[in-house]
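Going letter by letter, the sequence shown gives residues 1 to 114 in the UniProt record's numbering. Positions of the beta carbon are idealized from the N, C-alpha and C atoms, including for glycine. Comments concern the structure below.
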Amino acid sequence: MAKMIEWSGGPETFTRRHETLFQPGIKPGNEGFNNTILNPTNEPSFTSPYLFNYVKRQDLSVKCSRNIAKSYYNTGVQGLPDNSDADAMQTWILWNMIGLHPMTGQTTFLIGSP
Numbered sequence: 001m002a003k004m005i006e007w008s009g010g011p012e013t014f015t016r017r018h019e020t021l022f023q024p025g026i027k028p029g030n031e032g033f034n035n036t037i038l039n040p041t042n043e044p045s046f047t048s049p050y051l052f053n054y055v056k057r058q059d060l061s062v063k064c065s066r067n068i069a070k071s072y073y074n075t076g077v078q079g080l081p082d083n084s085d086a087d088a089m090q091t092w093i094l095w096n097m098i099g100l101h102p103m104t105g106q107t108t109f110l111i112g113s114p
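Structure (structure tokens):
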């Protein structure tokens, strides 16, 4: 992540660019997700809200992950935002509710907020 942040132009530029993923109206045709670039049902995108932790902006990690949880998950029959491959959606929301995000293949947990 340090190299990615460096190649992005530093922490401020990385933050500004990464926030673009979550802005409504950026990507026409993604109506199910408020026309954002981010597709929160795509497993490789699960970590996206938490990447702000790497630039010391946990507040943005919390803001974005809570927005995804509140906007796309509910307790109804259709409570998941899309199909769930091997319970991936359920696992994401569970970790989000705990306030942690496990980094795949590492012993690292990024801290959010329950």
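Checklist entry - Which of the three DSSP states, helix, strand or coil, is assigned to Ile-37? => result coil
Checklist entry - With 16 as the cutoff for other CB atoms within 10 Å, does Ser-71 come out buried or exposed? => result exposed
Next on the checklist: Among His-18, Pro-44, Thr-107, Tyr-50, whose alpha-carbon lies nearest the alpha-carbon of Ser-113?
Outcome noted: Tyr-50
Next on the checklist: Does Ile-26 come out as helix, strand or coil in the three-state DSSP assignment?
Outcome noted: coil
Next on the checklist: Helix, strand or coil, according to DSSP, for Phe-46 in the structure here?
Outcome noted: coil
Checklist entry - From which residue to which residue does the alpha helix (DSSP H) around Phe-109 run? => result Taken as a continuous stretch (DSSP letters only), Phe-109 belongs to no alpha helix (DSSP H), being part of the beta strand (DSSP E) at 109-111.
Checklist entry - Where DSSP assigns a beta bridge to Leu-100, which residues make up the other side? => result Ile-111
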